[in-house]
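For the sequence shown, numbering that gives the first Met the number 0 begins at 0 and goes up steadily by one. Have a look at the structure below, then the notes.
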Amino acid sequence: MPRRRESLSEFNIWPAFTDALGGLVMVLIFLITMFVISEVLIGREMLGKESAITQLQRIVEHLEGLAGDAEKEAARLRGQVENLESTVDERDDLLRQLRDELTAVQAARAALDADKRKAEQTTTSVQEQAALLSVRAERLSAELARLNRALAASEQELAQRDALIVEQKDRIEALDSALKKRLLERVEKLEKYASDFFGRLREVFANNPDIKVVGDRFVFQSEVLFGSGEATLSANGQGDLDKFAMVYQQLVTQLPPDLPVIIEIQGHTDRVPMRGGRFPSNWELSTARAQEVVNYLIRQGIPPQRLAAVGMAEYHPIDPADTPEAYRRNRRIELKITSR
């Protein structure tokens, strides 16, 4: 036994073994730290900042546990080293065990390196996508600026257009006011002329009950001008129209040059349908009579642009009764002064 102790004392493996074990522990801690950091980076890319912070907190807690476990493991290893002093075989077993653990750590480190390279590739892809998004954002920003400029130009153009619309509206209102004033003056002139004209006609035909002024119309009963169912002026009718033309010629000088007076000759019939004869219906008869009066007045010197012929048939009666007297009243020629 003394020789055994003396041999062990001479061998004294404790300092070297302690250094080896301390280095191994440091390598383990470094590898574990690298593994943890790689996991943190991958988790940080995958889960975001909040998730990464939570993961880091968990890893810190785990590292604290690992640190405690490492301390325990170091204590255990120190006990094993102390036991190695008693037997070389135990030392060899411990060395083999450590080599196996080192091999496992190296394998873990290789796996960590592979995971790191994968994470770096993922990071590169994310950076490329971020660069593309940045370029797209710049393009969108430039397009937005262009649209804002176009909108500002449109708003300016719209403001100018609104001002122009207001100006045109004021001009239209002024023109409308002037036109209304002019029309009112024209109407007043026309009414004065019609009043003078009809007043003179009323005097000329005062003794003829079949020729009279009714409101704004000068009315001939058809029998005064035409025979029954005919559209040829009678001699008496021509004489009455000569008087009408004479009054017109006397008063035409009172017409303002810019007052477009028109004498509208309307032919009216009763409701009795036409049977045989020259005209197939009351439309043709009333129109032909109105045209005959227009032609005669033109021959008496009234300008054709001052005349108009209109056939009204039986559809505008002045007496709706179904009697011979009503029929006679409805058969008429009306002369109405209008302005185009």
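Note that the Cβ used here is the ideal one computed from N, Cα and C, for glycine as well.
DSSP places Q237 in the uninterrupted alpha helix (DSSP H) bounded by 234-250. G266 places its beta carbon less than 8 angstroms from that of S285. When the Cα atoms are used, D269 and F219 turn out to be separated by approximately 14 angstroms. Assigned with DSSP and collapsed to three states, V271 falls in coil, not helix or strand.
Take F196, set aside five residues on each side of it, and the residues of its chain with a beta-carbon closer than 8 angstroms to its own are V246, Y247, L250, I336, in chain order.
It is roughly 25 angstroms from the alpha-carbon of M311 to the alpha-carbon of K242.
Under the three-state reduction of DSSP, L306 is assigned to strand.
I261 and L163 have their C-alpha atoms roughly 40 angstroms apart. Here the alpha carbon of A320 sits roughly 21 angstroms from the alpha carbon of R216.
R328: member of the alpha helix (DSSP H) spanning 323-329, first to last residue.
Look at S338 here: in three-state DSSP terms it is strand. Counted as a single uninterrupted DSSP element, the beta strand (DSSP E) harbouring R216 occupies residues 216-220. Shown here, A230 sits in coil according to DSSP, grouped into three states, outside any helix or strand. Cβ-Cβ distances below 8 angstroms link R327 to Q220, E222, D269 in the same chain, with the five nearest sequence neighbours on each side left out; the list follows chain order.
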